[in-house]
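Sequence positions in the sequence shown follow my numbering and run 196 to 693.
All C-beta atoms in this analysis are idealised placements derived from N, C-alpha and C, irrespective of residue type, glycine included.
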Amino acid sequence: MNFPSSSSNQPPADDPGAMSSTKLLNAIMIIQQNTAKQLLATQTQVSEAQRIAQEAIAQARADLQAVQKQARADVKATHEQARADQEASAARFQALESHKATSIVKDKSTPRLASGRIDLQKFRVSDGPAFKGPFQDVEPFLRWIQGVQIFYAMKDVTHADDKRLILGGLIAETNLLSFYANESPKYAGKTWDEFRACLFEFALPTKWRTKLKRSVNQLKMAETETFLEFSIRARTIQSLLNFDKHTLDDFNLAEAVTFGLPDLLQVKISDHRALVSTGFKYGEFESRTSGFYISLIKESALRLRPTLTAQNRTGGGRGINEDHLWQINSYLDSIGKCHFCKKHCGSPVGACPGPINRTRVEVPPSFVTPPRPNNYIRPNAWTKGQAANRGGAGKPTGRPAGVAALSEAAPELDELLASCVAQIDGQAEASLLGYDNPLEEIHTEHKLAALAGDPDTATITKGSRPLSNEELIPDDQITFRCGSLLSEDPAGDSSPDP
Numbered sequence: 196m197n198f199p200s201s202s203s204n205q206p207p208a209d210d211p212g213a214m215s216s217t218k219l220l221n222a223i224m225i226i227q228q229n230t231a232k233q234l235l236a237t238q239t240q241v242s243e244a245q246r247i248a249q250e251a252i253a254q255a256r257a258d259l260q261a262v263q264k265q266a267r268a269d270v271k272a273t274h275e276q277a278r279a280d281q282e283a284s285a286a287r288f289q290a291l292e293s294h295k296a297t298s299i300v301k302d303k304s305t306p307r308l309a310s311g312r313i314d315l316q317k318f319r320v321s322d323g324p325a326f327k328g329p330f331q332d333v334e335p336f337l338r339w340i341q342g343v344q345i346f347y348a349m350k351d352v353t354h355a356d357d358k359r360l361i362l363g364g365l366i367a368e369t370n371l372l373s374f375y376a377n378e379s380p381k382y383a384g385k386t387w388d389e390f391r392a393c394l395f396e397f398a399l400p401t402k403w404r405t406k407l408k409r410s411v412n413q414l415k416m417a418e419t420e421t422f423l424e425f426s427i428r429a430r431t432i433q434s435l436l437n438f439d440k441h442t443l444d445d446f447n448l449a450e451a452v453t454f455g456l457p458d459l460l461q462v463k464i465s466d467h468r469a470l471v472s473t474g475f476k477y478g479e480f481e482s483r484t485s486g487f488y489i490s491l492i493k494e495s496a497l498r499l500r501p502t503l504t505a506q507n508r509t510g511g512g513r514g515i516n517e518d519h520l521w522q523i524n525s526y527l528d529s530i531g532k533c534h535f536c537k538k539h540c541g542s543p544v545g546a547c548p549g550p551i552n553r554t555r556v557e558v559p560p561s562f563v564t565p566p567r568p569n570n571y572i573r574p575n576a577w578t579k580g581q582a583a584n585r586g587g588a589g590k591p592t593g594r595p596a597g598v599a600a601l602s603e604a605a606p607e608l609d610e611l612l613a614s615c616v617a618q619i620d621g622q623a624e625a626s627l628l629g630y631d632n633p634l635e636e637i638h639t640e641h642k643l644a645a646l647a648g649d650p651d652t653a654t655i656t657k658g659s660r661p662l663s664n665e666e667l668i669p670d671d672q673i674t675f676r677c678g679s680l681l682s683e684d685p686a687g688d689s690s691p692d693p
């Protein structure tokens with residue numbers, strides 16, 4: 196049996212156990228050295244970090260000390276500035292106190308103005324009313340003097356010389372300013388009434404009060420003004436006439452105003468006893484008379500409107516008769532116009548959508564009115580195209596009642612139509628403007644023979660009776676325009692089918 200040799204039991208060469216103790220010690224020493232180096236490097240880094248941190252703390256402490264030092268310096272500077280400002284304020288206040296004391300002493304040493312005088316150097320003349328003319332015109336001058344007196348009372352100017360001197364700064368008219376420059380020094384020390392009387396003598400025409408009295412006696416209410424406007428005009432003349440001298444009282448003014456009113460309004464004043472001297476107040480008289488004036492206007496409007504409406508509805512009233520109505524209708528048929536809107540609307544009879552046209556229909560003199568047939572039926576209105584294709588007025592419309600021929604002969608004058616129209620116009624004008632005389636029962640004979648050509652056509656129209664207080668119409672029940680009463684024309688209204 197063969198046994199292995201001893202060489203086969205030896206460990207391999209690379210086995211760590213086979214390392215020698217020397218090498219093992221060397222390896223341990225190397226590891227220790229490396230560990231020591233790493234520890235030394237770590238300690239070095241820690242030391243460096245501590246050094247940097249200490250330097251940062253030192254820098255922060257230095258910065259904090261610098262900030263605190265700057266803050267203390269700023270606070271100190273602020274305190275010093277406040278102390279300086281306080282000292283400067285105290286110095287200024289002391290200077291003001293000294294100046295005030297000096298001023299008081301100076302004022303006490305200045306001599307006082309005389310009693311009732313004002314300091315003209317400090318007086319503002321530009322605040323007063325200026326007179327710019329015209330020269331010797333009563334109303335502007337008296338109104339200016341009234342304004343000057345109010346200005347003196349407001350500014351407490353009482354001394355005559357102060358009034359005279361201030362007045363020179365309020366004159367802008369050349370003639371009066373020249374007179375003031377020459378005559379004003381002569382009235383130094385004199386009364387204000389003396390200087391004003393001299394000023395009136397130069398600036399106003401002679402007998403100016405007489406002229407104003409004549410204006411009051413000749414007061415007449417114009418056709419274009421209301422009673423309130425007329426009354427204001429009269430009160431203005433009264434204020435001018437009573438300047439510095441009461442010559443016209445309210446009752447006499449009311450009498451003059453009454454005499455200048457239309458007769459119908461005078462009757463109202465007399466019936467209601469608005470002009471009574473006992474306990475007379477012009478404001479009450481003005482208010483009542485204004486109500487009478489408005490009542491008369493409304494009464495005339497309400498009286499005339501139903502009359503005009505009835506004439507348009509029947510076609511045979513006082514303003515238009517059947518023959519004239521047939522003439523208008525036949526003429527409109529001959530030119531193809533609608534009886535309602537007076538245009539070529541093309542609408543069927545009674546279906547016109549347009550507004551009614553109340554203007555007067557002008558029938559040419561050459562138009563001959565055809566006889567009215569018994570079976571008349573109103574034709575439809577033409578359209579604009581049909582009207583353009585037709586030859587014009589006078590051509591037949593194709594309807595039996597619409598045939599209207601042209602002729603050179605003018606139709607005879609419709610005497611009844613002329614008489615009625617003139618009568619309506621005259622009555623409307625008399626009622627609205629007060630041209631009739633209602634002091635007694637009015638019967639005005641309308642002389643229409645010259646217009647109608649027949650003296651038998653003249654008519655008699657009875658005037659209006661005075662209204663009582665119960666019949667007065669309140670102002671808020673009706674709104675109207677007086678001018679529209681005379682402008683309405685009954686010939687322009689549409690007429691119903693016969």
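From this set, T453, K406 and K317, which residue's C-alpha is nearest L423's C-alpha? Closest by alpha carbon: T453.
From R573, C536, P560 and M416, residue whose alpha carbon lies closest to that of V544: Among R573, C536, P560 and M416, the Cα nearest to that of V544 is on R573.
Assuming F480 contacts L470 under a Cβ cut-off of 8 Å, what Cβ separation, rounded to an integer in Å, is found between them? In this structure F480 touches L470 by the C-beta definition: roughly 7 Å separates them, less than 8 Å.
Excluding the 5 residues preceding and the 5 following E389 in the sequence, name in chain order all residues of the same chain whose CB lies nearer than 7 Å to its CB. The answer, listed in chain order, is Y382.
For I366: DSSP bridge partner residues: According to DSSP, which records beta bridges pairwise, I366 is partnered with F326.
Quick check: what's the CA-CA separation for K358 versus L371? Taking the straight line from one Cα to the other gives about 16 Å.
Please state the DSSP three-state secondary structure of W339. In the three-state reduction of the DSSP assignment, W339 falls in the helix class.
Can you tell me the Cα-Cα spacing of L291 and L365, whole angstroms? Using only the alpha carbons, I get a separation of about 40 Å.
Are G323 and E368 close, meaning C-beta to C-beta below 8 Å? No; because the gap between Cβ atoms is not below 8 Å, this pair is not in contact.
Mind checking whether S542 and A576 have CB atoms under 8 Å apart? Yes, the Cβ-Cβ distance between S542 and A576 is below 8 Å.
I'd like the span of the alpha helix (DSSP H) that includes H467, first residue to last. Boundaries cannot be given for H467, as no alpha helix (DSSP H) includes it and DSSP labels it neither H nor E.
Taking C-alpha atoms, which residue in A255, T484, P400 and F475 lies nearest to Q461? Cα-wise, what sits closest to Q461 is T484.
Contacting residues, own chain, Cβ-Cβ under 6 Å from G593 (five flanking each side not counted): Confidence in G593 is poor, its pLDDT being 44 and thus under 50, which makes the residue's placement unreliable; the coordinate value appears in the next sentence. Closer than 6 Å at Cβ, skipping near neighbours: no residue.
Could you give the distance in angstroms between the alpha-carbon of D302 and the alpha-carbon of A325? With a pLDDT of only 47 at D302, under 50, the local geometry of the prediction cannot be trusted, and no value is derived from it.
Among S426, S434, P335 and G455, the one whose alpha carbon lies nearest that of L399: Just measuring C-alpha positions, the residue of S426, S434, P335 and G455 sitting nearest L399 is P335.
Could you pull out every residue in the same chain whose Cβ sits closer than 7 Å to the Cβ of L360, ignoring the five residues on either side in sequence? These residues qualify, in order along the chain: L315.
For T386, I'd like the list of residues in its chain whose CB is within less than 8 Å of its CB, leaving aside the five on either flank, ordered along the chain. Within the same chain, T386 has close Cβ partners A355.
State the DSSP-derived secondary structure class of F438, mapped to helix, strand or coil. Three-state result, F438: coil.
Please classify D444: does DSSP put it in a helix, a strand, or coil? DSSP places D444 in coil when its eight states are reduced to three.
Can you list, in chain order, the residues of its chain with a C-beta nearer than 7 Å to that of F397? Leave out the 5 residues immediately preceding and following it. Excluding residues up to 5 positions away in sequence, F374 lie with their Cβ nearer than 7 Å to the Cβ of F397 in the same chain.
Starting from the C-beta of H441, find all residues in its chain whose C-beta is less than 8 Å away, skip the five residues before and the five after it, and write them out in chain order. So no residue of the chain qualifies.
When the Cα atoms are used, what is the spatial distance from E635 to S495? Any reading at E635 needs caution, since the residue's pLDDT is 39, under 50, leaving its predicted position unreliable; the model's value is listed next. Roughly 19 Å between the two C-alpha positions.
Would you mind reading off the limits of the alpha helix (DSSP H) that contains A392? Bounds of the alpha helix (DSSP H) holding A392 are W387 to A398.
Throw me the rounded Cβ distance for the V333 and L456 pair, which I believe falls under 8 Å. Contact flag wrong, Cβ pair sits at about 25 Å.
Using a Cβ-Cβ cutoff of less than 8 Å, which residues in the same chain neighbour A376 once the five nearest sequence positions on both sides are dropped? Annotation for A376: G363 place their beta carbon closer than 8 Å to its own, counting only its chain and skipping 5 residues before and after.
Taking only three categories from DSSP, how would you classify Y477? Note: Y477 maps to helix in three-state DSSP.
I need the DSSP call for E494, collapsed to helix, strand or coil. Here E494 sits in helix by DSSP.
What number of angstroms, rounded off, separates the C-alpha of P565 from the C-alpha of C540? C-alpha separation (whole angstroms): 24 Å.
First and last residue of the alpha helix (DSSP H) that includes W521? Counting along the chain, the alpha helix (DSSP H) containing W521 begins and ends at E517 to S529.
With a 10 Å radius around its C-beta and 16 neighbouring C-beta atoms as the bar for buried, classify R391 as buried or exposed. Counting Cβ neighbours within 10 Å, R391 comes out buried, since at least 16 surround it.
Leaving out five residues on either side along the sequence, give the residues of the same chain with a beta carbon under 7 Å from the beta carbon of A296. Cβ contact annotation for A296 (same chain, cutoff 7 Å, sequence separation greater than five): none.
Under a three-way DSSP split, which group does A704 fall into? Residue 704 is absent from the structure shown; the chain starts at 196 and stops at 693.
S215 - DSSP class collapsed to helix/strand/coil: Correct three-state label for S215: coil.
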